[in-house]
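Participant: Quick note, the sequences are listed as chains D and B, same order.
Sequential numbering from 408 applies to the first sequence in the numbering used here.
Sequential numbering from 408 applies to the second sequence in the numbering used here.
Note that beta-carbon positions come from the ideal geometry of N, C-alpha and C, so glycine has one too.
Predicted model, so just to flag it, every value in this text is computed and none were measured.
Protein chains: 2
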Amino acid sequence: MKLYEQVASTVKDRIDLGYYHEGDKLPSVRGLSQEHGVSISTVQEAYGLLMDDGVIESRPKSGYYVLKHQEIPELPATSSPVPEPLVVAQWQKLKHIIEEYHNQVSTKLSLALPDTETATLKPLIRLITELSRTETSRILNYESAVGSAELCHQIARLAVDSGCRLHPDEIIITIGCQEALSCSLRAVTEPGDIVVVDSPSFFGSVQAIKINGVKALEIPTHPETGISLEALEMAFEQWPIRAVLLTPTNNNPLGYSMPDKHKIRLLALLKRYDIPLIEDDIYGDLNYTLPRPRTIKSFDTEGRVILCSSFSKSVAPGLRIGWVAPGRYREHIMMVKYLSSLSTPPLTQMALAEFIAQGYYEKHLRKMRINYQRDRDAVIGWLKRDMPEGTRISYPQGGYLLWVELPNEIDTNELDRRARLESISIAPGTLFSASGKYKNFMRISCVNSANPAIEKAITTLGRLCKEMQAQIPLAEPV
Amino acid sequence: MKLYEQVASTVKDRIDLGYYHEGDKLPSVRGLSQEHGVSISTVQEAYGLLMDDGVIESRPKSGYYVLKHQEIPELPATSSPVPEPLVVAQWQKLKHIIEEYHNQVSTKLSLALPDTETATLKPLIRLITELSRTETSRILNYESAVGSAELCHQIARLAVDSGCRLHPDEIIITIGCQEALSCSLRAVTEPGDIVVVDSPSFFGSVQAIKINGVKALEIPTHPETGISLEALEMAFEQWPIRAVLLTPTNNNPLGYSMPDKHKIRLLALLKRYDIPLIEDDIYGDLNYTLPRPRTIKSFDTEGRVILCSSFSKSVAPGLRIGWVAPGRYREHIMMVKYLSSLSTPPLTQMALAEFIAQGYYEKHLRKMRINYQRDRDAVIGWLKRDMPEGTRISYPQGGYLLWVELPNEIDTNELDRRARLESISIAPGTLFSASGKYKNFMRISCVNSANPAIEKAITTLGRLCKEMQAQIPLAEPV
Ligand SMILES: Cc1ncc(COP(=O)(O)O)c(C=O)c1O
Ligand SMILES: Cc1ncc(COP(=O)(O)O)c(C=O)c1O
Chain D
408 MKLYEQVAST VKDRIDLGYY HEGDKLPSVR GLSQEHGVSI STVQEAYGLL MDDGVIESRP
468 KSGYYVLKHQ EIPELPATSS PVPEPLVVAQ WQKLKHIIEE YHNQVSTKLS LALPDTETAT
528 LKPLIRLITE LSRTETSRIL NYESAVGSAE LCHQIARLAV DSGCRLHPDE IIITIGCQEA
588 LSCSLRAVTE PGDIVVVDSP SFFGSVQAIK INGVKALEIP THPETGISLE ALEMAFEQWP
648 IRAVLLTPTN NNPLGYSMPD KHKIRLLALL KRYDIPLIED DIYGDLNYTL PRPRTIKSFD
708 TEGRVILCSS FSKSVAPGLR IGWVAPGRYR EHIMMVKYLS SLSTPPLTQM ALAEFIAQGY
768 YEKHLRKMRI NYQRDRDAVI GWLKRDMPEG TRISYPQGGY LLWVELPNEI DTNELDRRAR
828 LESISIAPGT LFSASGKYKN FMRISCVNSA NPAIEKAITT LGRLCKEMQA QIPLAEPV
Chain B
408 MKLYEQVAST VKDRIDLGYY HEGDKLPSVR GLSQEHGVSI STVQEAYGLL MDDGVIESRP
468 KSGYYVLKHQ EIPELPATSS PVPEPLVVAQ WQKLKHIIEE YHNQVSTKLS LALPDTETAT
528 LKPLIRLITE LSRTETSRIL NYESAVGSAE LCHQIARLAV DSGCRLHPDE IIITIGCQEA
588 LSCSLRAVTE PGDIVVVDSP SFFGSVQAIK INGVKALEIP THPETGISLE ALEMAFEQWP
648 IRAVLLTPTN NNPLGYSMPD KHKIRLLALL KRYDIPLIED DIYGDLNYTL PRPRTIKSFD
708 TEGRVILCSS FSKSVAPGLR IGWVAPGRYR EHIMMVKYLS SLSTPPLTQM ALAEFIAQGY
768 YEKHLRKMRI NYQRDRDAVI GWLKRDMPEG TRISYPQGGY LLWVELPNEI DTNELDRRAR
828 LESISIAPGT LFSASGKYKN FMRISCVNSA NPAIEKAITT LGRLCKEMQA QIPLAEPV
């Protein structure tokens, strides 16, 4: 450990131990330098590191302060979905999303898009440009069906951060996480089967279940600890469950991360009932603090967990690069992937592998973690200020999505309709349930809260909610 | 029409009418210039055009000749597959192909890879490089789920060449033709259904049928005219067929193109029995002569035909860009595509759209058509010379694949095994059947016959066949 890292670590420990609280002023640079007998510049480096890590902030002409996070907002209650396997509800709303993706809305709070304007992605663009010139023969031809060897290698290397020991040969590259999920579902289920999901749940998974002719059984889910293991065990007793599909870390949309001991208990349950788990870890690397939470896969010794992820949220969705570590289902999933799309485009695979190998991915993540945590805090603050009494908000520890429970009388489909007239979109809650629940919930993205349009959009949403509560009819479009 | 085009057209007519035969010497430039009262350079331009079109050739110090093509080889007989719906045979062989894609074989006659070294693809690379620099925000984000508007526009424009009137909104971009086929199959079938295919048939389709839990019914297929309509009608009478899946133009592997009147009759049959057609047109644009054959879709007034294609064979497979014109199944296929992979990567879509818009695609195709026809002729010549007595060879009018029937006693799985020891691979016939038929058939690629390795490989294959006929055992690898 370098000297400045030692100093930073000491300061961090003191914060963690409660010697300094959020918002407290820290010792001056000179003071700390004297205390530790180190140079001024070493202390400056130490404070710089803590700023990079999102632990402290510097206030001009005043000094360094412990960064203040939002107080935990009032969380939504544990969900209570329909306790029966269901054919997932019609996808009219989703169709709307698909077709309207490129519509005229200017503030799309509805979409889960990461920050792709950040300077930390410049090296990626440079790599794509360079490789497009130098690797022409490779980028024009089919890549290996399982994916580029370099990229599999880098992904295996990164997996260590989530406590997971993966061999590059255990990884199959896919077209985003969606293809990983879709192939995994197809490999382990047959029409008529029942799959367990958390509730609310990412619509791409729930609808993929539907399209496979499989039923979804939604399990009550807590906004901090995730799926209820008691309810899950009851479900295993009661129904012939074929598989479980979860996003256990920095969940979309609810924001929970299952504690490790829940992850371990879940795995034991799965073993007892001999059921595979499809684990979606797409937001795992965007955890605000390090080390990031472990995947359930990292506890799995039997190849029972199919780990799916992608770089769509941590880097850029336009790359369309995801992956699956399919455990004991490798042969079948490889086959389904091959017959879905033969292979994944080579250019972006190569560029991403280099981006990771050269350390740019970690630099980028470090910046994004800080930004997204600030975005979360800012948007939660505005929601508390502008939304009607009784609003509850999730408090994710990673990623950039908030799940907002509005007063009962507010139908978010209607809210979305009204918001779109003001060029704002939200993701209505019903998208996230098999049974069309969550009528008074919405999911919004906090990315890029520094853009004044975001604060303005929240204020507008607050006004619209209050108009709806006062039953003011929507003005007819002219 | 320009003057030189008129002259070229007159010469072409005379060839077509039989005034000149293949290999005949054509009038001298001076002679033709006098006959038509045009300048020497106009005639030179006219001959240049006919050379570009692969109609004539110039022999140094001798003059211009009508290009000589191979005499039609002895064709394989009409196939007689098992007349029952079958669960497609195990995919061990295909797994082998997937996993061994990047193995050490140096002459991969087994793979259907186009020529990607040609100078006519340079503009595409340039466009990718440029767009990666200038369109960063777009290439990092999700493209519309149905695909880039520009590319859909270009595809609709090109469809006119196959007699088809398509609106850009009728097109959905996919990850190669494989995703188009896979989504179409998933949209129109359910497990337990029966789908009709030609026989032999592209393994990617047959295995996609299998993985959907659907049975395949193979129909006898003629090497020039394609699927037997009589047999098809009988099948429609006898079985509850859910869909038909065919590659009716420049078929892989058999090389047939259904005559227009067959295409029309097929459509009438489909209408009578109310069955949808999945039409795979991936080799359609590589027809050697213009105008290219019409798609069955072009005769369809009911939205019954789902047209699938890609630029994997006509441009480059590494782009992974295909498309589907889903007719009346649009909504369902759009949904399946969305849930398979959300959307197709934007960079290559944009580059390809520009490549087509700027006329490079047509230039490239013109060159490829000539090259592939020459490749076909060269490889057929070598096969006739080197392969055992009784060998039969397909005679495609487009594309670059040959289907070769070897004497009965030659098992091409064994031939492939022996060939790989000499660093050559072939695609064994059993890959192309649901029931493991075609044991003594192989599919080989003719691309780049100018490379001496190809001729050498054919000679080696001939020797190996004769060794197998003489029952010379394979030397044990050391
Ligand atoms: C939880 C979750 N899983 C999967 C996906 C699909 O991601 P990709 O773009 O990598 O296919 C998303 C995208 O929104 C997501 O939120
Ligand atoms: C007849 C046929 N259809 C579809 C495909 C799949 O092509 P793509 O690479 O566009 O997915 C192939 C590739 O070999 C093919 O030959």
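Any chance the CB of Ala889(D) is under 7 Å from a heavy atom of ligand 1?
Facilitator: The structure shown does not extend to residue 889(D), since chain D spans only 408 to 885, so no value can be given for it.
Participant: Residues of chain B with a CB under 9 Å from the CB of Gly611(D): which are they?
Facilitator: Tyr745, Leu746, Leu749
Participant: Decide if Asn619(B) is buried, meaning its Cβ has at least 16 other Cβ atoms within 10 Å, or exposed.
Facilitator: buried
Participant: So, is the C-beta of Gly734(D) closer than 8 Å to a C-beta in chain B?
Facilitator: Interface flag for Gly734(D) against chain B is unset, since no Cβ pair is found closer than 8 Å.
Participant: So, with DSSP's three-state summary, where would you put Asn888(B)?
Facilitator: Summary: the structure shown does not reach residue 888(B), with chain B confined to residues 408 through 885, and so no result is reported for it.
Participant: Please confirm whether Thr755(B) has its beta-carbon closer than 8 Å to some beta-carbon of chain D.
Facilitator: By this cut-off, Thr755(B) is an interface position.
Participant: Compare the C-beta of Trp498(B) against all C-beta atoms of chain D and say whether one is closer than 8 Å.
Facilitator: yes
Participant: What do you reckon, is the C-beta of Asn935(D) under 7 Å from a heavy atom of ligand 1?
Facilitator: Outside the shown range of chain D (408 to 885) lies residue 935(D), about which nothing can therefore be said.
Participant: Is the CB of Ser539(B) under 8 Å away from at least one CB in chain D?
Facilitator: By this cut-off, Ser539(B) is an interface position.
Participant: In the DSSP output, which residue or residues are listed as bridge partners for Pro835(B)?
Facilitator: Met849(B)
Participant: Just to confirm, are Ser801(D) and Leu813(D) a CB contact at a threshold of 8 Å?
Facilitator: No Cβ-Cβ contact shorter than 8 Å links Ser801(D) with Leu813(D).
Participant: Candidates Ser705(D), Thr798(D), Pro660(D), Glu644(D): which alpha carbon is nearest Leu674(D)'s?
Facilitator: Ser705(D)
Participant: Could you tell me the alpha carbon to alpha carbon distance between Leu838(B) and Ile861(D), rounded to whole angstroms?
Facilitator: Take the alpha-carbon of Leu838(B) and the one of Ile861(D): they are about 56 Å apart.
Participant: Taking Cβ positions, are Ile580(B) and Ile728(B) nearer each other than 8 Å?
Facilitator: yes
Participant: So if I threshold CB-CB distances at 9 Å, which residues from the stretch 842-867 of chain B count as touching chain D?
Facilitator: none
Participant: Rank Asn847(D), Glu537(D), Val854(D), Ser852(D) by C-alpha distance to the C-alpha of Cys872(D) and give the top, closest one.
Facilitator: Closest option to Cys872(D), Cα to Cα, is Asn847(D).
Participant: State the Cα-Cα distance for the pair Pro627(D) and Phe610(B), rounded to the nearest angstrom.
Facilitator: 44 Å
Participant: Closer than 7 Å to a non-hydrogen atom of ligand 2 - does that hold for the CB of Gln804(B)?
Facilitator: no
Participant: For a cutoff of 8 Å on Cβ pairs, would you count Gly583(D) as touching chain B?
Facilitator: Chain B contact via Cβ: present.
Participant: Are there 16 or more other CB atoms within 10 angstroms of the CB of Gly836(B), so buried, or fewer, so exposed?
Facilitator: With 16 or more Cβ atoms within 10 Å of its Cβ, Gly836(B) is classed as buried.
Participant: Taking a cut of 8 Å between CB atoms, which residues from the stretch 596-623 of chain D lie near chain B?
Facilitator: Glu597, Pro598, Gly611, Gln614, Ala615, Ile618, Gly620
Participant: Taking 7 Å as the cut-off, is the CB of Ser717(D) close to at least one heavy atom of ligand 2?
Facilitator: no
Participant: Return the chain-ordered ranges of every beta strand (DSSP E) run that is complete within the stretch 421-490 of chain B and spans a minimum of 3 residues.
Facilitator: 463-466, 470-473
Participant: Which class does Trp810(B) belong to by DSSP, given the choice of helix, strand or coil?
Facilitator: strand
Participant: If you compare alpha carbons, which of Glu542(D), Ser589(D), Ser830(D) is closest to Thr523(B)?
Facilitator: Glu542(D)
Participant: So with CB distances below 8 Å, who are the chain B contacts of Thr527(D)?
Facilitator: Within chain B, no residue comes near Thr527(D); the closest Cβ sits about 12 Å away, beyond 8 Å.
Participant: Beta carbon of Gln401(D): closer than 7 Å to some heavy atom of ligand 1?
Facilitator: For chain D, the structure presents residues 408 to 885; residue 401(D) sits outside this window and is missing.
Participant: Is Trp730(D) helix, strand or coil by DSSP?
Facilitator: strand
Participant: Leaving out five residues on either side along the sequence, give the residues of the same chain with a beta carbon under 8 Å from the beta carbon of Leu772(D).
Facilitator: Asp692, Leu693, Ser721
Participant: Quick one: is Arg426(D) buried, meaning 16 or more other Cβ sit within 10 Å of its Cβ, or exposed?
Facilitator: According to the sequence displayed, residue 426(D) carries Tyr and not Arg. That one is exposed.
Participant: Just verifying my parser: in three-state terms, what is the DSSP assignment at Gly805(D)?
Facilitator: strand
Participant: Can you give me the C-alpha to C-alpha distance between Val595(B) and Leu726(B), rounded to a whole angstrom?
Facilitator: 27 Å
Participant: Using a Cβ-Cβ distance cut-off of 8 Å, determine whether Arg737(B) contacts chain D.
Facilitator: no
Participant: Is the beta carbon of Thr654(D) within less than 7 Å of some heavy atom of ligand 1?
Facilitator: yes
Participant: Could you check if Asp687(D) belongs to the surroundings of ligand 1, using beta carbon to heavy atom distance under 7 Å?
Facilitator: It does: the Cβ of Asp687(D) is within 7 Å (strictly closer) of some heavy atom of ligand 1.
Participant: Is Ile532(D) close to chain B? Criterion is C-beta to C-beta, closer than 8 Å.
Facilitator: Interface residue, yes.
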